[in-house]
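In what follows, a single structure is set out as structure tokens and then discussed.
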Amino acid sequence: MLAPQRIEQFSKDIELYLKWIGHYMAIGDAPTPLPNGVISFVLPPVAYLEVFKFIRNQIISTKNGLSEEAVVEAQGYFDRFLIEPLSQFNFYDS
288 MLAPQRIEQF SKDIELYLKW IGHYMAIGDA PTPLPNGVIS FVLPPVAYLE VFKFIRNQII
348 STKNGLSEEA VVEAQGYFDR FLIEPLSQFN FYDS
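If you want our numbering, it's the position in the sequence shown, counting the first as 1, plus 287.
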């Protein structure tokens, strides 16, 4: 079972990632890397990856009032700057 503090920090990390990517989407620029230590990784990187995949596939949608162009742009940012970098981790190392 996860400690409530870890769940809270995980949520804060996700929120920070979303604010970070949202800022750069708003200005239409490629994000600069987050400084080391900003994200705590209180859970394995695969947990972060799964959340971002869920948001990309289930939340970023025309069903939620976004235009098709906005969906493509947002999904592209998620793929390039969140999902692909996190996919580089070797999830099978102990």
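Glycine included, C-beta positions come from ideal geometry on N, C-alpha and C.
If you draw a straight line from the alpha carbon of residue i to that of residue j, how long is it in whole angstroms?
i	j	result
leucine 330	glutamine 375	16 Å
phenylalanine 328	alanine 290	14 Å
lysine 350	phenylalanine 297	27 Å
leucine 373	tyrosine 304	12 Å
glycine 363	lysine 299	23 Å
glutamine 292	alanine 357	35 Å
isoleucine 294	valine 359	30 Å
lysine 340	valine 333	10 Å
What three-state label does DSSP hand residue i in the structure shown?
i	result
aspartate 300	helix
lysine 340	helix
glutamine 345	helix
serine 381	Because serine 381 carries a pLDDT of 41, less than 50, the predicted location of this residue cannot be relied on, and the following value inherits that uncertainty. Coil.
methionine 288	coil
isoleucine 326	coil
glycine 352	coil
alanine 376	A quick correction: the sequence has phenylalanine, not alanine, at residue 376. If DSSP states are grouped into helix, strand and coil, phenylalanine 376 belongs with coil.
Using a 10 Å radius around the Cβ and a threshold of 16 neighbouring Cβ atoms, would you call residue i buried or exposed?
i	result
alanine 325	The amino acid occupying residue 325 in the given sequence is valine; alanine does not appear at that position. Label assigned to valine 325: exposed.
leucine 321	exposed
alanine 361	buried
valine 338	buried
isoleucine 346	exposed
Review point. Within the chosen definition, does the region 366-374 reach the region 303-323 through at least 3 CB pairs nearer than 8 Å?
Key: yes
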